[in-house]
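What follows is one structure encoded as structure tokens, with my remarks underneath.
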Amino acid sequence: MAIRLANLEGRAQLVVGETLADVERASGGKLPSDPMEVLRSWDRLRDLGAKLSAGDAPLDEARLGPPVPRPAKVFGVGLNYRAHAQEAGLQIPKSPLIFTKFPSCLVGPRADVVLSSETVDYEAELVVVLGRGGRRIPEARALDHVAGYTVGQDIS
0 MAIRLANLEG RAQLVVGETL ADVERASGGK LPSDPMEVLR SWDRLRDLGA KLSAGDAPLD
60 EARLGPPVPR PAKVFGVGLN YRAHAQEAGL QIPKSPLIFT KFPSCLVGPR ADVVLSSETV
120 DYEAELVVVL GRGGRRIPEA RALDHVAGYT VGQDIS
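Residue numbering for the sequence shown follows numbering that gives the first Met the number 0, beginning at 0 and increasing consecutively.
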């Protein structure tokens, strides 16, 4: 069952159609209101989402913050597709180029992005949200650790 997690003014929400369901209220207090804390209860959150047919507030994307507002780490993978390497005039790396970004770079889906220069590079990115930690996870179990996906806009 796929669910959509949202962050409305610091409170975890589930997107149900065109409405939002406050996670703490919808769960009768069994799940936390903090979007970061609720990720630790992903299985219970998914079960709650499967039971909901409507939320209790209209979905207003302009008021949403990033669904994962305070991640411990944000990693990017550079030159991860052939056309980008060619555009930059660079060779495709033999192993992934991993870099970090500051967690403060995150904003909601309709937030204004202040550019720090007149010359910027921008790319749409697939963002993978890890819900469970781990180390040396076998490839066959990798998706067990993925809480979900979202879209990012990398602006450099």
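Note that the Cβ used here is the ideal one computed from N, Cα and C, for glycine as well.
None of these values were measured; they are calculated from a predicted model.
- Query: In this structure, does DSSP put Leu58 in helix, strand or coil?
  - Reply: Translated into positions along the sequence shown, residue 58 becomes position 59. Leu58 falls in the coil class under three-state DSSP.
- Item | Beta-bridge partners of Ala25, as assigned by DSSP | As a working mapping, residue 25 is identified with position 26 in the sequence shown. Paired residue(s): none; Ala25 is not in a bridge.
- Message: Tell me which residue opens and which closes the alpha helix (DSSP H) that Leu105 is part of.
- Response: As a first step, residue 105 is located in the sequence shown; it is residue number 106 there, counting from the start. Unbroken run through Leu105: none, as it is neither H nor E.
- Task: Rounded to whole angstroms, what's the CA-CA distance from Ala84 to Leu96? Just pull it up for me.
- Result: The sequence position of residue 84 within the sequence shown is 85, counting from 1. The sequence position of residue 96 within the sequence shown is 97, counting from 1. Roughly 12 Å between the two C-alpha positions.
- Would you identify the three-state DSSP class for Arg3, choosing helix, strand or coil? Numbered from 1 along the sequence shown, position 4 holds the residue referred to as residue 3. The answer is coil: DSSP assigns Arg3 none of H, G, I, E or B.
- Message: Our contact map puts Ala20 next to Leu30 with C-beta atoms below 8 Å; I'd like the distance itself, whole angstroms only.
- Response: The residue given as residue 20 occupies position 21 in the sequence shown. The residue given as residue 30 occupies position 31 in the sequence shown. That belief does not hold up - the Cβ atoms of Ala20 and Leu30 are roughly 11 Å apart, past 8 Å.
- Item | N-terminal and C-terminal residue of the beta strand (DSSP E) that Arg10 is part of | Along the sequence shown, read from residue 1 onward, the residue named residue 10 stands at position 11. Arg10 -> beta strand (DSSP E) spans Arg10 to Val15.
- Measuring CA to CA, which of Asp55, Gly77, Lys100 and Pro102 is closest to Gln90? Within the sequence shown, residue 90 is the residue found at index 91, counting from 1. Of Asp55, Gly77, Lys100 and Pro102, the residue nearest in Cα terms is Gly77.
- So, using beta-carbon positions, are Leu4 and Leu44 closer together than 9 Å? To locate residue 4, count along the sequence shown from 1; it is residue 5. To locate residue 44, count along the sequence shown from 1; it is residue 45. It is a contact, given that the beta carbons lie within the stated cut-off.
- Message: Taking DSSP's pairing of strands, which residues face Glu122 in a bridge?
- Response: For the purposes of this step, residue 122 is taken as residue 123 along the sequence shown, with counting starting at 1. DSSP output for Glu122 lists Asp153 as bridge partner(s).
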